[in-house]
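Numbering-wise (this note's numbering), the sequence shown opens with residue -6 and increments by one. Idealized CB from N, CA, C, for every residue including glycine. All values derive from a computational prediction rather than experimental measurement. Here's the structure, in structure tokens; my notes come after.
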Amino acid sequence: MKYPMYELIEKKKHGKVLTEDEIRDMILAYTAGEVPDYQMSAMLMAIWFKGMTDKETADLTLAMADSGDKLDLSVIKGTKLDKHSTGGIGDKTSLIVMPVLAALGVPTAKMSGRGLGFTGGTIDKLESIPGLRSEFSEEEFKDIVQKIGFIDAAQTAELAPADKLLYALRDVTATIDSIPLIASSIMSKKLAAGADRIVLDVKCGTGAFMQDVDSARELARQMIRIGDLTGRKVVAVLSDMNEPLGHAVGNRLEVMEALEVLSGGGEERLRHLCEKISTEMLQLSDQARPTPEEAGKAVREVLDSGKALELFRTYVTVAGGDVSFLDDLKPRAEYQEEVKADSDGYLVCRNASEVGLISVLLGAGRAKKGDAIDPEAGIWFHKKPGDAVTKGDVIATIHTGKQEALPEAVRRLKEVCPVRPEREAGRPVIYEILR
Ligand code: URA
């Protein structure tokens, strides 16, 4: 390493600005195993306390993006779009948005993660379709985008390996919740995955990293700025995550729900968010319509006509999945228990991340990396926050293969989603869109 790590830590500890060269040297040396974890931990904590300038954050992003392989998507014609959600509960928007864009002639190439803790991951949802593969060679990856117009592949270890190492270290040093570290972590993977333009769904609320709109806006602003400084156009949609998105939480249940939206129906908030994200992506693409209203209409058309659904089915086939499975999609968990209202009133969701944790208890998610998951497990909400309910109404059905988890899951679900005498003020699904 050209710069002694001790001096870089000392500099950041006093709130001084690190140069591009210093940041790059530190990241490449850390990825090569030349910087011990205890020194990098001290650096992360100094960044947590002192922050980073926009330029430092962009330099950190580029250094992490350059730490491993980068996808070159130039063989795919036209502007390539990518979409990223900062993570939430019941977030199946990618399953809907990507075939919509493909049906409109906009190629989207996306790499996604698997779920961890209370947040789900798109790859787990897709892999709940029997036979479907998410790991592809670079050639296959490009080939699928060219053939069908979209792909959602599991992120490979070779892409931004510095982020992988740093994320694991942040996880055990209480330094995850730093806006420059989150912004650079997300954007480094987006830059390495090769898309030209990116729409970010920045979640805010009790089921998200960012709990309030101000911090979500600041995260969005930093990611847009990284885009500016690295030549990528970025739009951020700030969306609500104070309640699970849609009816379903859990992998196969979420595929079922995505198919409802792809068939022209679906829960209102979920459908609205998918339409808005798709519209923003269309307007960033080579196929942009003269007005946002026309773009919105084009999006609704491919949902209502079944064109997007047909492309989703084609993707399943090309990725090796059993498409006939989609024709008979129904809950198949061994144990299914209804949770009923104990009184009349209105449903409330006190904490969306607790709903995510209950789904982990049922087997739908991972408590730690590498844990097995049960594709059938999860929760289907028949009622949504703000809905009027009568004593005895079924609020939700719990799906699991673990009978022993049922009493605790029912108790916790009733606690986190109680029925209250007064209706609480509703929240919009989208707070604002930053360009
Ligand atoms: N998602 C990421 O990829 N990185 C973070 O730091 C937080 C969320």
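Counterpart residues of V10 in DSSP-defined beta bridges: Sequence index remark: in the sequence shown, residue 10 carries index 17 (1-based). None, per the DSSP bridge assignment.
Taking the DSSP output, what are the residues bridged to E330? Start at 1 with the first residue of the sequence shown, and residue 330 comes out as number 337. Its beta-bridge partners are I391.
Looking at C-alpha atoms only, which residue of A167, A288, M(-6), A281 is the closest neighbour of G26? Reading the sequence shown from its first residue, position 33 is the one you call residue 26. That would be M(-6), whose Cα lies nearest to the Cα of G26.
Cα-Cα separation, A146 to I122: Along the sequence shown, one-based indexing puts residue 146 at 153. Along the sequence shown, one-based indexing puts residue 122 at 129. Computed Cα separation, rounded: 14 Å.
Any heavy atom of the ligand URA within a distance shorter than 7 Å of the CB on I172? Taking the sequence shown and counting its residues from 1, the one referred to as residue 172 is at position 179. Not under cutoff, so the answer is no.
Less than 7 Å between the CB of G113 and some heavy atom of the ligand URA, yes or no? Sequence index remark: in the sequence shown, residue 113 carries index 120 (1-based). False, no ligand heavy atom lies under 7 Å from that Cβ.
For K362, is the beta carbon positioned less than 7 Å from some heavy atom of the ligand URA? Here the question's residue 362 lines up with position 369 in the sequence shown. It does not: the Cβ of K362 is nowhere closer than 7 Å to a heavy atom of the ligand URA.
Contact set for K73: own chain, Cβ-Cβ below 6 Å, skip 5 residues either direction: As a working mapping, residue 73 is identified with position 80 in the sequence shown. Excluding sequence neighbours, K73 sits near L66, P100, A102, A188, D189.
Are there three or more Cβ pairs, one per stretch, closer than 8 Å when the region 160 to 168 is compared with the region 52 to 61? no
Any heavy atom of the ligand URA closer than 7 Å to the Cβ of K182? Within the sequence shown, residue 182 is the residue found at index 189, counting from 1. Under cutoff, so the answer is yes.
Out of Y339, A288, I270, state which residue places its alpha-carbon closest to the alpha-carbon of K85. As a first step, residue 85 is located in the sequence shown; it is residue number 92 there, counting from the start. The residue with the shortest Cα to Cα distance from K85 is I270.
Could you check if S130 is buried or exposed, using at least 16 other CB atoms within 10 Å of its CB as the buried criterion? What you label residue 130 is simply residue 137 of the sequence shown in a count that begins at 1. When all chains shown are included, S130 counts as exposed.
Cross-strand partners of E425 (DSSP beta bridge): For this step, residue 425 is matched to residue 432 along the sequence shown. Partner(s): L231.
Using the DSSP secondary-structure output, state which residues sit across from H77 in a beta bridge. The sequence position of residue 77 within the sequence shown is 84, counting from 1. L193, per the DSSP bridge assignment.
Whole angstroms is fine: what's the gap from T149's alpha carbon to T393's? What you label residue 149 is simply residue 156 of the sequence shown in a count that begins at 1. What you label residue 393 is simply residue 400 of the sequence shown in a count that begins at 1. If you take the alpha carbons of T149 and T393, they lie about 30 Å apart.
Please list the terminal residues of the continuous alpha helix (DSSP H) segment that includes A58. Taking the sequence shown and counting its residues from 1, one reaches residue 58 at position 65. It spans 47 to 58 - the alpha helix (DSSP H) in which A58 sits, taken as one unbroken run.
Pocket of the ligand NAD defined by Cβ to heavy atom distance under 5 Å: In terms of ligand content, the structure shown lacks the ligand NAD and carries the ligand URA instead.
Taking the DSSP output, what are the residues bridged to T112? What you label residue 112 is simply residue 119 of the sequence shown in a count that begins at 1. Beta-bridge pairing links T112 to L109.
What number of angstroms, rounded off, separates the C-alpha of W373 from the C-alpha of I172? On the sequence shown, residue 373 is found 380 positions in, with the first residue counted as 1. On the sequence shown, residue 172 is found 179 positions in, with the first residue counted as 1. C-alpha separation (whole angstroms): 33 Å.
E15 versus M36, V422, Y31, residue with shortest Cα-Cα distance: Counted from its first residue, the sequence shown places residue 15 at position 22. It is M36 whose Cα lies nearest to the Cα of E15.
Kindly indicate the opening and closing residues of the beta strand (DSSP E) around D380. Along the sequence shown, one-based indexing puts residue 380 at 387. Unbroken run through D380: none, as it is neither H nor E.
One question on the structure: do T272 and G289 come within less than 8 Å of each other, judged by their Cβ atoms? Numbered from its first residue, the sequence shown carries residue 272 at position 279. Numbered from its first residue, the sequence shown carries residue 289 at position 296. Their beta carbons are under 8 Å apart, which means T272 touches G289 by this criterion.
What's the gap between the Cα of V10 and the Cα of R218? To locate residue 10, count along the sequence shown from 1; it is residue 17. To locate residue 218, count along the sequence shown from 1; it is residue 225. Between V10 and R218, the C-alpha separation is close to 17 Å.
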